[in-house]
Amino acid sequence: MEWFEPLGIKFVGVYRTEIDLEFVLEEFKDVFSEDLGSYKGPAISLPIDPKFPPISFKARNIPLAMRKKVDVAIDKLLDQSVLEPISNPKWCTPIVPIIKQSGEIRFCADYKVTINKAMKSHPYPIPSVNHILANLADGKFFAKIDLAQAYLQLRVDDASAEAQTIVTHRGAFKVNRLQFGVNVAPGLFQNFIEDLLKGIPGVLPYFDDVLIFAATEEQLCNHLHLVQEHLSESGIQANKN
Numbered sequence: 001m002e003w004f005e006p007l008g009i010k011f012v013g014v015y016r017t018e019i020d021l022e023f024v025l026e027e028f029k030d031v032f033s034e035d036l037g038s039y040k041g042p043a044i045s046l047p048i049d050p051k052f053p054p055i056s057f058k059a060r061n062i063p064l065a066m067r068k069k070v071d072v073a074i075d076k077l078l079d080q081s082v083l084e085p086i087s088n089p090k091w092c093t094p095i096v097p098i099i100k101q102s103g104e105i106r107f108c109a110d111y112k113v114t115i116n117k118a119m120k121s122h123p124y125p126i127p128s129v130n131h132i133l134a135n136l137a138d139g140k141f142f143a144k145i146d147l148a149q150a151y152l153q154l155r156v157d158d159a160s161a162e163a164q165t166i167v168t169h170r171g172a173f174k175v176n177r178l179q180f181g182v183n184v185a186p187g188l189f190q191n192f193i194e195d196l197l198k199g200i201p202g203v204l205p206y207f208d209d210v211l212i213f214a215a216t217e218e219q220l221c222n223h224l225h226l227v228q229e230h231l232s233e234s235g236i237q238a239n240k241n
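In full-length UniProt numbering, the protein residues as written are 1 to 241.
Right, here's the structure in full:
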């Protein structure tokens with residue numbers, strides 16, 4: 001629960017237990033697949049001001065030493081249908097490669113210079129510390145689910161995909177899933193996951209983490225089962241580890 005400390009939340013004297021989760025992993029194998037999840041519901045539409053003129057940039061230079069790894073990242077996203085080649089796009093956002101600790105490349109699109117300028121506000125409230133504390137008051141047993149590549153599991157409509165177009169040394173690609181770096185993405189995803197899990201007791205979604213809590217171990221298992229059931233039915237996947 002590594003995100004509690006930055007929020008200033010500390011647990012003292014809380015009961016902890018190691019429960020057998022093998023039954024969850026076995027019953028909901030589809031939720032813990034290594035494939036990229038894809039929400040089965042409607043695609044998301046980004047709130048872009050249609051009166052705002054499109055902005056297009058050329059590809060930024062990428063060091064030759066990084067190009068092979070960037071190519072691997074692009075090919076993976078093409079295989080997952082996250083990226084799709086596009087000709088003559090109106091919007092073009094340059095990418096910024098980032099080297100992860102594993103040595104792999106993750107690239108972000110610099111949307112602050114393009115579509116973020118045209119985005120209408122999406123003021124969906126993010127849970128506050130007081131809200132989290134109030135909800136956790138009766139919890140003694142906890143579990144946390146990490147949603148795998150959370151934003152990329154949400155499809156966007158064609159107009160939004162074209163607006164998210166990235167430009168690389170290999171050309172332009174429209175982005176068919178919600179992208180990290182889009183300024184309204186956190187609020188859109190928080191809205192989505194809260195709505196998806198609405199009505200399940202003892203559940204607190206916080207971005208790509210879902211905290212599940214209960215007063216007893218049996219209740220925790222029941223809550224966890226309901227969450228996995230909702231994720232399975234919707235096509236959303238979680239990290240197994």
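All C-beta atoms, glycine included, are put in the ideal place defined by N, C-alpha and C.
Kindly indicate which three-state DSSP category K144 falls into: helix, strand or coil? Locating residue 144 in the sequence shown gives position 144, where the first residue counts as 1. Reduced to three states, the DSSP call for K144 is strand.
If you follow the beta strand (DSSP E) that G187 is part of, which residue opens it and which one closes it? Locating residue 187 in the sequence shown gives position 187, counting from the first residue. Premise fails: G187 lies in the alpha helix (DSSP H), A185 to L196, not in any beta strand (DSSP E).
Taking all protein chains shown into account, decide if R60 is buried (16 or more other Cβ within 10 angstroms of its Cβ) or exposed. Within the sequence shown, numbered from 1, the residue matching residue 60 stands at position 60. Classification for R60: exposed.
Give me, in chain order, the residues of the same chain whose beta-carbon lies closer than 6 Å to that of D208; leave out the 5 immediate sequence neighbours on both sides. In the sequence shown, counting from the first residue as 1, residue 208 sits at position 208. Excluding positions up to five away in sequence, the list reads L147 and A150.
Locate the beta strand (DSSP E) running through L211, then write down its first and last residues. By one-based count along the sequence shown, residue 211 stands at place 211. From DSSP, the beta strand (DSSP E) with L211 extends over D209 to A214.
Start-to-end residues for the alpha helix (DSSP H) that takes in R67: The count along the sequence shown starts at 1 and reaches residue 67 at position 67. That run of the alpha helix (DSSP H) goes L64 to D79.
Three-state secondary structure (DSSP) at V113? Counting from one through the sequence shown, the residue named residue 113 turns up at place 113. Here V113 sits in helix by DSSP.
In the DSSP assignment, find the unbroken beta strand (DSSP E) run with I99 in it and report its ends. For the purposes of this step, residue 99 is taken as residue 99 along the sequence shown, with counting starting at 1. Element bounds for I99: T93 to I99.
Does S121 pass the burial test, meaning 16 or more other C-beta atoms within 10 Å, or should it be called exposed? Here residue 121 corresponds to residue number 121 of the sequence shown, with the count starting at 1. Exposed, since its Cβ has fewer than 16 Cβ neighbours within 10 Å.
Would you mind reading off the limits of the beta strand (DSSP E) that contains A172? Taking the sequence shown and counting its residues from 1, one reaches residue 172 at position 172. Per DSSP, A172 belongs to the beta strand (DSSP E) from G171 to V175.
Distance between beta carbons of T93 and T168, contact taken as under 8 Å: Along the sequence shown, one-based indexing puts residue 168 at 168. Along the sequence shown, one-based indexing puts residue 93 at 93. Going by Cβ atoms, the distance from T168 to T93 rounds to 10 Å, so no, they are not a contact pair.
Find the nearest neighbour of P205 within the set P127, T114 and L224, judged by alpha-carbon distance. Numbered from 1 along the sequence shown, position 205 holds the residue referred to as residue 205. Considering only alpha carbons, the answer is P127.
V167 in three-state terms, based on DSSP: Here residue 167 is taken as the residue at index 167 of the sequence shown, counted from 1. Here V167 sits in strand by DSSP.
Measuring CB atoms only, is the stretch 222-231 touching the stretch 71-90, in the sense that at least three cross pairs come out at less than 8 Å? no
Option nearest I145 by Cα separation, candidates Y111, A137 and H225: Your numbering for residue 145 matches position 145 in the sequence shown. Cα-wise, what sits closest to I145 is H225.
For the beta strand (DSSP E) holding L178, just list the boundary residues, first then last. What you label residue 178 is simply residue 178 of the sequence shown in a count that begins at 1. No beta strand (DSSP E) holds L178; DSSP gives it neither H nor E.
Do you know how far the Cα of F180 is from the Cα of F189? Along the sequence shown, one-based indexing puts residue 189 at 189. Along the sequence shown, one-based indexing puts residue 180 at 180. Using only the alpha carbons, I get a separation of about 11 Å.
Which residues does DSSP pair with L46 in a beta bridge? The count along the sequence shown starts at 1 and reaches residue 46 at position 46. Answer by DSSP bridge pairing: none, since L46 is not bridged.
Tell me the DSSP secondary structure of V156 in three-state form. Reading the sequence shown from its first residue, position 156 is the one you call residue 156. The answer is strand: DSSP assigns V156 an E or B state.
Bridge-paired residues (DSSP) for E84: Within the sequence shown, residue 84 is the residue found at index 84, counting from 1. K174.
Pick out whichever of F213, R106 and K51 has its Cα sitting closest to the Cα of A143. Indexing the sequence shown from 1 puts residue 143 at position 143. Among F213, R106 and K51, the Cα nearest to that of A143 is on F213.
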